[in-house]
Amino acid sequence: MKLAKEPGRLQRLSETSRRPVRFHVDGVEMRALRGDTVLTGILASATYLRQAEFGPEKRAGFCLMGACQDCWIWQEHGPRLRACSTLLHDGMRLLSQPSQDWTGGGS
Amino acid sequence: MSRVLIVGAGPAGMRAADILAEAGLVPTVVDEGEKAGGQIYRRPPDGFTRSPKALYGSEAVKAVRLHRIFDEWARQRRVTYHSRSSVLGFSEGEAMVLGPEGQIAIPYDRLILATGAYDRLAPLPGWEQAGIYSLGAAQIALKAQGVALGRRIVLAGSGPLLTLVAHQLRAAGAGVAAVLDTAPLSMQLRGGSRMLAARPFVTARGAFMRVGLGRLYHAGARLERIESGQDGPSAIHWRDARNRLHATACDTVALGWHLQAETVLADLAGVTFDWSDTWAQWLPRADAEGRAGDRLYLAGDGLRILGADGAETAGRLAARACLADLGHPVSGRDQYRDLRRLTRMRRFAQGVAHAFPWPAAMVRGMPDETVICRCEGIRAGELRSTVLLAGAEANRVKSLGRVGMGRCQGRYCGRAGTELIAAEAGVEVANAGRLRSQPPARPAPIAALCRLAPEE
Chain A
3 MKLAKEPGRL
13 QRLSETSRRP
23 VRFHVDGVEM
33 RALRGDTVLT
43 GILASATYLR
53 QAEFGPEKRA
63 GFCLMGACQD
73 CWIWQEHGPR
83 LRACSTLLHD
93 GMRLLSQPSQ
103 DWTGGGS
Chain B
-16 MSRVLIVGAG
-6 PAGMRAADIL
4 AEAGLVPTVV
14 DEGEKAGGQI
24 YRRPPDGFTR
34 SPKALYGSEA
44 VKAVRLHRIF
54 DEWARQRRVT
64 YHSRSSVLGF
74 SEGEAMVLGP
84 EGQIAIPYDR
94 LILATGAYDR
104 LAPLPGWEQA
114 GIYSLGAAQI
124 ALKAQGVALG
134 RRIVLAGSGP
144 LLTLVAHQLR
154 AAGAGVAAVL
164 DTAPLSMQLR
174 GGSRMLAARP
184 FVTARGAFMR
194 VGLGRLYHAG
204 ARLERIESGQ
214 DGPSAIHWRD
224 ARNRLHATAC
234 DTVALGWHLQ
244 AETVLADLAG
254 VTFDWSDTWA
264 QWLPRADAEG
274 RAGDRLYLAG
284 DGLRILGADG
294 AETAGRLAAR
304 ACLADLGHPV
314 SGRDQYRDLR
324 RLTRMRRFAQ
334 GVAHAFPWPA
344 AMVRGMPDET
354 VICRCEGIRA
364 GELRSTVLLA
374 GAEANRVKSL
384 GRVGMGRCQG
394 RYCGRAGTEL
404 IAAEAGVEVA
414 NAGRLRSQPP
424 ARPAPIAALC
434 RLAPEE
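Quick mapping for you: the protein sequence lines, in order, are chains A and B.
Its first residue numbered 3, the first sequence is counted upward by one per residue in this note's numbering.
Its first residue numbered -16, the second sequence is counted upward by one per residue in this note's numbering.
Set out below in structure tokens:
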């Protein structure tokens, strides 16, 4: 397991014997654990979720309870999701910035 | 049978549902969580194995009891539970609800709002960077996911949550670099004596946790700025009570100044608001049992910030008020006992509010380059210059300057924005206007709204 040396922002303190899930962010395969939110899964291996729209800085979520909307990221097929309150599942394909050819198509 | 809709499944909503189900009604509960519990009694997803004692500490028995009661009513279908669902607004006796299956309309005769509270935030130079969170976020990450938001965490702000989260993080093995409380010790002692008189055991437990933090804890801290590098925060700059400057190295900062009532749905439902000097925020008007309008009831932290025990009590009171108004028999003695209990909770909460105040002076002194609106990166200087054009009215300043118009809908900038407006115009905060809530209460995709239209 690579999980022991996950170099991301988050530190796992307990509950690390859950089954692994695989997913992609910006085309790069990442691993996390079943029961992780999208936010947890990404930040276990990365330091941010997305690029801010109105400034040069990155964003990594803020309230984790669905109130601030800071953690919206994109899915490759278009619709956005709130990373703090969406559970990660196997095969998810996510983007830290909107896809260039996104036409606003439905889910 | 009367259709009662409860919004929120924290302690207030769960307890209200319990009282109504007990009386033979089948209330509908709409809740944003995966499972009922709210934030304070939040449950991790399936597959997590920590014990209730590890998750909820001294409150484990209460948390488990509420979860069991609610789950049992839902299993028997005597409570209709919609999880992962947000109420977007109300229209002609129906709640517009966005859930896993898209948008649905839920008709109701009576409405009980138990929408809880969120961290009350003050801005700080550098707080827009990745790796700065609310205090509540640090607690949720730990409770619901078993993770710390960083390896060297600074907790800063004020309120009971500050000490509690620091204690919980350290107990779980997380690295806490400092706990910076902006409330001066003298103020904490004055408020604390009122807390002690109302709820001695709870106050003593908090004081004990505080002592356990030892030299990590600093009262009367003044926060200056957060310094960040490529991967997030690297240090927080602050002054101690003797005005000595410190730079504490960290990789994460969690901020919060006690709580703010979540009142968007109450506002959309037509509740009247009053400015509270004690709480330094606008709060909904309701009678002692939670009646806040025609067939409308409020309970829990969304009405008054009394914490989990107070929320349970308020949930029972509102549900019994609703039952009484529907002509059901209600025990006057139970209601009287809960009213007495709530009075004690309120005395305690007022002590808390005085001990851990909103940092008005700090916010008013924020330099012009400080980001006030994290959603759209609008700075204090832009807000101040907007006041010259718009006047001292929060909604007009919002229209012209956009502070309060971003995706958080003013939840994390509105309070500080009003403080700056009042300072700039030289008026009391109570006279600087209250940001009106707008539907939808949560962002919703246009596609979900369109599907409601009848098909040709």
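Positions of the beta carbon are idealized from the N, C-alpha and C atoms, including for glycine.
Residue i at chain B interface by Cβ criterion, 8 Å
i: A:G108; result: At A:G108 the pLDDT is 43, less than 50, meaning the model places this residue with poor confidence and gives no usable figure here.
i: A:P81; result: yes
i: A:S101; result: no
i: A:Q71; result: yes
i: A:E78; result: no
i: A:G68; result: yes
i: A:R36; result: yes
i: A:G93; result: no
Cβ-Cβ distance between residue i and residue j below 8 Å
i: A:T39; j: A:S87; result: yes
i: B:A160; j: B:V137; result: yes
i: A:L66; j: B:A294; result: no
i: A:R20; j: A:R33; result: no
i: A:A69; j: B:Y101; result: yes
i: B:L372; j: B:G393; result: no
i: B:R61; j: B:C305; result: no
i: B:T369; j: B:R324; result: no
i: B:H201; j: B:D223; result: yes
i: B:L206; j: B:M349; result: no
i: B:A363; j: B:A415; result: no
i: B:P302; j: B:I95; result: The residue you asked about is not Pro; residue 302 of chain B is Ala in the sequence shown. Yes, the pair counts as a contact, with Cβ atoms nearer than the cut-off.
i: B:R398; j: B:R103; result: yes
i: B:G298; j: B:A244; result: no
Counted within 10 angstroms of its Cβ, other Cβ atoms place residue i as buried (16 or more) or exposed
i: B:S74; result: exposed
i: B:K36; result: exposed
i: B:G(-7); result: buried
i: B:F53; result: buried
i: B:E55; result: exposed
i: A:A6; result: Residue placement at A:A6 cannot be trusted, given a pLDDT of 37 that sits under 50; the coordinates are not used to answer.
i: A:H91; result: exposed
i: B:H65; result: buried
i: B:R(-2); result: buried
i: B:F331; result: buried
i: A:G108; result: With a pLDDT of 43 at A:G108, under the threshold of 50, the modelled position of this residue cannot be trusted; read the value that follows with caution. Exposed.
i: A:V30; result: exposed
i: A:K4; result: For A:K4, the pLDDT reaches just 39, beneath the cut-off of 50, and the residue's location in the model is therefore unreliable, although a value from the coordinates is still provided. So A:K4 counts as exposed.
i: B:D292; result: buried
i: B:S314; result: exposed
i: B:A431; result: buried
i: A:T42; result: buried
Residue interval of the beta strand (DSSP E) (run including residue i)
i: B:V9; result: Where B:V9 is concerned, there is no enclosing beta strand (DSSP E), given that its DSSP letter is neither H nor E.
i: A:F56; result: Taken as a continuous stretch (DSSP letters only), A:F56 belongs to no beta strand (DSSP E), as it is neither H nor E.
i: B:A161; result: 159 to 164
i: A:F25; result: 22 to 27
i: B:T235; result: 235 to 240
i: B:I219; result: 215 to 222
i: A:M32; result: 30 to 35
Cutoff 8 Å: residue i Cβ touching any chain A Cβ
i: B:F73; result: no
i: B:A6; result: no
i: B:I123; result: yes
i: B:Q22; result: yes
i: B:L206; result: no
i: B:L179; result: no
i: B:A232; result: no
i: B:Q264; result: no
i: B:G387; result: no
i: B:Y444; result: Examination of residue 444 of chain B is not possible in this model, given that chain B is present from -16 through 439 alone.
i: B:A19; result: no
Nearest-angstrom Cβ-Cβ length linking residue i and residue j, presumed shorter than 8 Å
i: B:G140; j: B:S211; result: Between B:S211 and B:G140 the Cβ distance is about 18 Å, and since that is not below 8 Å, they are no contact.
i: B:A249; j: B:A275; result: 7 Å
i: B:R134; j: B:G156; result: Between B:G156 and B:R134 the Cβ distance is about 11 Å, and since that is not below 8 Å, they are no contact.
i: B:G114; j: A:R11; result: 6 Å
i: B:G(-9); j: B:A97; result: 4 Å
i: B:T235; j: B:M192; result: With a Cβ gap of about 20 Å, B:T235 and B:M192 do not count as contacting.
i: B:A204; j: B:T231; result: The Cβ separation is near 10 Å, so there is no contact.
i: B:A413; j: B:W258; result: 4 Å
i: B:V70; j: B:A78; result: 5 Å
The alpha helix (DSSP H) enclosing residue i, as first and last residue numbers
i: B:L144; result: 143 to 154
i: B:P350; result: Premise fails: B:P350 is in no alpha helix (DSSP H) and is neither H nor E.
i: B:F256; result: B:F256 -> not in any alpha helix (DSSP H); beta strand (DSSP E) instead, spanning 256 to 259.
i: B:A431; result: 429 to 433
i: B:W56; result: 43 to 58
i: B:H440; result: A question about residue 440 of chain B goes unanswered here, because the residues of chain B that appear run from -16 up to 439.
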